[in-house]
Amino acid sequence: MTQPMPGKPAEDAENELDIRGLFRTLWAGKLWIIGMGWRLR
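Once you know that position 1 of the sequence shown is 742 in the working numbering, the rest is easy, because the numbers rise by one and skip nothing.
Next comes the structure, spelled out in C-alpha cells:
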C-alpha cells in the first residue's frame with residue numbers, strides 16, 4: 742500500500758485506494774461477462 746506523503750492529506754491515499762478497487766471490480770465484471778458469453782456460444 743502507498744504511504745501518504747508528509748504534508749499531503751490522507752484523503753488522497755483513500756481516494757487512490759477507492760479508484761484502484763473500482764477498477765478491479767470493473768475488470769472482474771468484464772471478465773465475468775466475457776466468461777458468460779463464451780459459455781453461451
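The beta carbon of each residue, even a glycine, is placed where N, CA and C say it ideally should be.
Distance from the CA of Met777 to the CA of Asp753, rounded to the nearest whole angstrom, comes to 36 Å. Taken through DSSP and simplified to helix, strand or coil, Arg782 comes out as coil. For the pair Leu781 and Leu758, the Cα-to-Cα distance works out to about 35 Å. If you draw a straight line from the Cα of Leu763 to the Cα of Lys771, it comes to about 12 Å. Runs of beta strand (DSSP E) with 3 or more residues, each lying fully within the segment 750 to 774, are absent.
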